[in-house]
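Heads up, the sequence shown is in the numbering used here, so the first residue is 1 and it goes up one at a time.
Ideal Cβ placement from N, Cα and C applies to all residues, glycine included.
All remarks here apply to the structure that follows.
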Amino acid sequence: MNRREFLRIQTTALAATIAGSSRGLAAQEAAPLDIIDCHTHFYDPSRPEGVPWPGKGTPLHRTVLPKDLRALAQHRPVTGTVIVEASPRLEDNQWLLDLAKDDPFVVGVVGNIKPGEPAFETGIRRFVRNPLFRGIRIASATASALLERNEIRDLRLLSDLDLQLDINGGSETPAIVARVAERIPGLRIVLNHMGNAEITAQAPPRDWQEGIRRAAQQAGTFCKISAFTENAARNGGAAPTDAAFYKPYIDVVWDAFGDDRVIYGSNWPVCERVAEYALQQRISLEYALARGGMKTARKFCSLNAKRAYKWVERPGRRAAPSNP
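This is the structure:
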């Protein structure tokens, strides 16, 4: 074989490889994908009692319902959601459950009942009778205070009832998640919004990285890849649109938690303050596909959340096939 023939064969092989990769990526983008958005907020300020959040005079102060999410421009169609209750009013948990009753798009509700208060156990035992009630969300400051006072009975009750715990707060939150998980190993805990580190062009903060790795050491912890556009636009303006800007921070989380304990979420409609829904969704899904193809994307988009929340599969939900 002469040199010219050798180069022709090599060039042909390289072109075939590139074409095959492009076809593979296109096939992944077109393949059905069940997407459960595990961090949405729904509310209706027009109710007689109004809403405690969001405040009047803000773009968020409008009626926001599941149908509005379904109608939203999306990178890929969302097929279901787990709602996170932001209102501290006990009966607003019931309002969400009533909202979800006849809408199979809603596969779970994370309530808002504060542990450590006298009415906690009564409220939990009331709502757990509804299979759509999957757990509660608390602030990291609340979790830290309970640990400091050694008052973790209410958190143990969640584990006993097979419910989960979302924890949200600042960049100190991953370390607090680790402490709760160490004290209550049987409790499934979901760290919200990647621990809310501010995302900048600088290297991720060392203490946040250490907290993420410590939280991930506990087998029952999960992390939502969510709200990163908001955490990149804290000083006003629009969020960066380049996926590479976010990659160093997502890498830290994904490397620590692995393919089996990262969860898709949006924080909609709050995320709209800095970016369109489709932007954060595209960055998340493209990252998952690049990380491990459709098998990893399916875990990220629905299967991991099934383990964390034990969300309810509902007749009538238009779910895309999720088998690897």
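query, result
"Three CB pairs or more closer than 8 Å across the region 65-81 and the region 271-290", "yes"
"Identified DSSP bridge partners for Asp166", "Arg137 and Val190"
"As assigned by DSSP and simplified to three states, the class of Gly111", "strand"
"Distance between beta carbons of Gly195 and Ile212, contact taken as under 8 Å", "6 Å"
"Expected contact under 8 Å - CB spacing of Leu69 and Trp268 to nearest Å", "6 Å"
"Exposed unless 16 or more other CB atoms sit within 10 angstroms - verdict on Glu313", "exposed"
"Whole-angstrom C-beta distance between Ile152 and Val110, which should lie under 8 Å", "Contact flag wrong, Cβ pair sits at about 19 Å."
"Sufficient close CB pairs (3 or more, under 8 Å) joining the region 304-318 to the region 45-53", "no"
"According to DSSP, residues forming a beta bridge with Phe354", "Outside the shown range of the chain (1 to 324) lies residue 354, about which nothing can therefore be said."
"Under the three-state DSSP convention, the category Leu25 falls into", "Any reading at Leu25 must be qualified, since the residue scores a pLDDT of 48, below 50, and its modelled position is unreliable; the value itself is stated next. Reduced to three states, the DSSP call for Leu25 is helix."
"In DSSP terms, what Asp37 is bridged to", "Thr81"
"Burial state of Asp37 (16 or more Cβ within 10 Å)", "buried"
"Pair within 9 Å by beta-carbon distance, Thr142 and Ala178", "no"
"Euclidean distance between Cα positions of Ile35 and Pro54", "26 Å"
"Neighbourhood of Leu163 by C-beta, 6 Å cutoff - its chain only, sequence neighbours within 5 removed", "Gly135"
"Cα-Cα separation, Ser21 to Ala290", "Low confidence applies here, because Ser21 scores a pLDDT of 44, under 50, leaving its location unreliable; read the following figure in that light. Distance between the alpha carbons of Ser21 and Ala290 is about 12 Å."
"Cβ shell of Val253 (< 7 Å), same chain only, five flanking positions each side left out", "Met194, Ile212, Cys223, Ile225 and Val262"
"Collapsed DSSP secondary structure at Ile283 in the structure displayed", "helix"
"Buried or exposed by the 16-neighbour rule on C-beta atoms within 10 Å, applied to Lys299", "buried"
"For Trp268: DSSP bridge partner residues", "Thr40"
"Sequence-distant residues of its chain with Cβ nearer than 8 Å to Ser171 (five each side left out)", "Gly195, Asn196, Ala197, Glu198, Pro205, Asp207, Trp208 and Gly211"
"Simplified DSSP state of Val262, which is helix, strand or coil", "strand"
"Contacts around Ala319, its chain only, beta-carbon distance under 6 Å, and the 5 residues preceding and following it disregarded", "Asp34 and Thr79"
"Beta-carbon contacts of Leu25 that lie in its chain and below 7 Å, excluding the five residues immediately before and after", "Note that Leu25 scores 48 on pLDDT, short of 50, meaning its location in the model is unreliable; the coordinates nonetheless yield the value given after this. There are no such residues."
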